[in-house]
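J.: Shown below is the structure under consideration.
Laid out in structure tokens, this is it:
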């Protein structure tokens, strides 16, 4: 349903929301691993759409804005975590004892797949997840600022790298169990 340039009216925004909200939340959840955070980013994306007079290439615009918001939020979160770590280190005055990680409740294969996706370069990861959400090559190209002709190569390379990362994680997991 993407088109060249669309006026953003309340009715059009409702149609955009109905069409793209769920795929966008799924994409963001896969990227971030946190559905609540994904919902917040999606909400802000549609708030920004409301502030636009005209949107060109709706689907690409929505996913590109969401990606930018996600990156901004990740940077803020990283800065916040660094500040907390510094404060914790200062409070402990040299004590290095940190609690161990909590046990994972997810299936091991799903976790390894998520880790393998996270190991990919950002462009590869974004391209794969956008394709998984059904974006066309042209839409992926617009969102990632690539030529449409290079999207196929990017996806092929990303799939190969994903398999290599997954196999590497699997081999490490198997070695741990032995």
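In my numbering, the protein residues as written are 7 to 184.
Ideal placement from N, C-alpha and C gives every residue a C-beta, glycine not left out.
#1: The alpha helix (DSSP H) that contains residue 48, what's its start and end?
#2: Assuming residue 47 and residue 55 make a contact with CB atoms under 8 Å, what is their CB distance in whole Å?
#3: Alpha carbon to alpha carbon, how far is residue 82 from residue 133? Give it in angstroms, no decimals.
#4: Hey, how far is the Cα of residue 173 from the Cα of residue 38?
#5: When the distance is taken between beta carbons, is residue 52 closer than 9 Å to residue 19?
#6: For residue 126 and residue 94, I'd like the C-alpha separation in whole angstroms.
#7: Does residue 76 pass the burial test, meaning 16 or more other C-beta atoms within 10 Å, or should it be called exposed?
#8: Looking only at C-alpha atoms, which of 136, 142 and 64 sits nearest to residue 33?
#9: State the Cα-Cα distance for the pair residue 129 and residue 45, rounded to the nearest angstrom.
#10: What ranges does the alpha helix (DSSP H) occupy inside the stretch 124 to 154, keeping only unbroken runs of at least 4 residues that lie completely in it?
#11: Less than 6 Å between C-beta atoms, sequence neighbours within five positions excluded: which residues of the same chain meet that for residue 41?
#12: Cβ of residue 70 within 9 Å of Cβ of residue 148?
#13: Have a look at 143, 171, 170 and 168 and flag the residue whose alpha-carbon is nearest the alpha-carbon of residue 158.
#14: State the Cα-Cα distance for the pair residue 230 and residue 88, rounded to the nearest angstrom.
#15: What three-state label does DSSP hand residue 174 in the structure shown?
T.: To lay it out plainly:
#1: Looking up residue 48 in the chain shown gives position 42. Counted as a single uninterrupted DSSP element, the alpha helix (DSSP H) harbouring residue 48 occupies residues 41 to 56.
#2: Translated into the one-based positions of the chain shown, residue 47 becomes position 41. Translated into the one-based positions of the chain shown, residue 55 becomes position 49. Taking C-beta atoms under 8 Å as the contact rule, residue 47 and residue 55 fail to qualify, at a distance of about 13 Å.
#3: Taking the chain shown and counting its residues from 1, one reaches residue 133 at position 127. Taking the chain shown and counting its residues from 1, one reaches residue 82 at position 76. C-alpha separation (whole angstroms): 24 Å.
#4: As a working note, residue 173 is residue 167 in the chain shown. As a working note, residue 38 is residue 32 in the chain shown. CA-CA distance, residue 173 to residue 38, rounds to 22 Å.
#5: As a first step, residue 19 must be located in the chain shown, where it is residue number 13. As a first step, residue 52 must be located in the chain shown, where it is residue number 46. In this structure, residue 52 lies closer than 9 Å to residue 19 by Cβ.
#6: Reading the chain shown from its first residue, position 120 is the one you call residue 126. Reading the chain shown from its first residue, position 88 is the one you call residue 94. Their backbone Cα atoms lie some 31 Å apart in a straight line.
#7: Looking up residue 76 in the chain shown gives position 70. Residue 76 counts as buried, since no fewer than 16 other beta carbons sit within 10 angstroms of its beta carbon.
#8: Residue 33 sits at position 27 when you count from the first residue of the chain shown. In terms of CA proximity to residue 33, 136 leads the group 136, 142 and 64.
#9: Taking the first residue of the chain shown as 1, we reach residue 129 at position 123. Taking the first residue of the chain shown as 1, we reach residue 45 at position 39. Whole-angstrom Cα-Cα distance: 22 Å.
#10: When DSSP assignments are scanned along the stretch 124 to 154, the uninterrupted stretches of alpha helix (DSSP H) that are 4 or more residues long and fall wholly within it turn out to be 128 to 138 and 143 to 150.
#11: Start at 1 with the first residue of the chain shown, and residue 41 comes out as number 35. The beta carbon of residue 41 lies closer than 6 Å to those of 35 in the same chain, with the five residues before and after it left out.
#12: Position 64 of the chain shown, counted from the start, is the residue given in the question as residue 70. Position 142 of the chain shown, counted from the start, is the residue given in the question as residue 148. Yes.
#13: The count along the chain shown starts at 1 and reaches residue 158 at position 152. For the residues 143, 171, 170 and 168, the minimum Cα distance to residue 158 belongs to 143.
#14: Only positions 7 to 184 of the chain appear in the structure, and residue 230 is not among them; the question remains open.
#15: For the purposes of this step, residue 174 is taken as residue 168 along the chain shown, with counting starting at 1. Residue 174 falls in the helix class under three-state DSSP.
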